[in-house]
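Student: Numbering (the numbering used here), first residue to last: 52 to 217. Handing you this structure, nothing more for now.
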């Protein structure tokens, strides 16, 4: 997929809505060779998806061995809106709490007092730092079931329409 095509998908208004959400599903291949899909908070910085995790998270050794990942960001309504992204995970150990971690958790409803307490706990828990998992999209597809469909469904629609024209 060409970079301009990826940009076109990610710049779509529905994609922008989805990229403003706070949880994605990260799919990767675990050390034992089996697939994993885990929910994880994320932040979109305009060109990359950034997720943060503790330095001892098992997914990190798997991502070092095989950095190819897929992400799904979707809604819980019908028809669902789904943004699919593929890319490569680059890992970056940082001191303290990355801004993206705080940003990814900024949508949770908390009183100002709860937020102060939560942030103090986070800073205490991750005093030794976190790892930023940074994914630059190499492929993207938006499915809204109104203007875009899964590729298999698109094929069925084309075949049906061809039969109708015949």
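Idealized CB from N, CA, C, for every residue including glycine.
Excluding the 5 residues flanking residue 180 on each side, which residues of the same chain have their C-beta closer than 7 Å to its C-beta?
Tutor: Along the chain shown, read from residue 1 onward, the residue named residue 180 stands at position 129. Same-chain partners within the cutoff: 106, 144, 145, 146, 147.
Student: Of the residues 80, 52, 94, which one's Cα is nearest the Cα of residue 185?
Tutor: Translated into positions along the chain shown, residue 185 becomes position 134. Nearest C-alpha to residue 185: 94.
Student: Of the choices 96, 208, 113, 83, whose alpha-carbon is the least far from that of residue 3?
Tutor: In the structure as shown, the chain begins at 52 and stops at 217. Residue 3 is therefore absent and cannot be evaluated.
Student: Could you pull the start and end residues of the alpha helix (DSSP H) that residue 71 belongs to?
Tutor: Here residue 71 refers to the residue found at position 20 when the chain shown is read from its first residue. Where residue 71 is concerned, there is no enclosing alpha helix (DSSP H), given that its DSSP letter is neither H nor E.
Student: Within 8 Å, do at least three Cβ pairs link the region 75-83 to the region 117-124?
Tutor: Because the criterion of three Cβ pairs below 8 Å is met, the region 117-124 and the region 75-83 touch.
Student: Taking the DSSP output, what are the residues bridged to residue 30?
Tutor: Any question about residue 30 goes unanswered here, given that the chain covers just 52 to 217.
Student: Given 8 Å as the limit, is there contact between the region 122-130 and the region 204-212, that is, 3 or more CB pairs closer than that?
Tutor: Contact fails: fewer than three Cβ-Cβ distances are below 8 Å.
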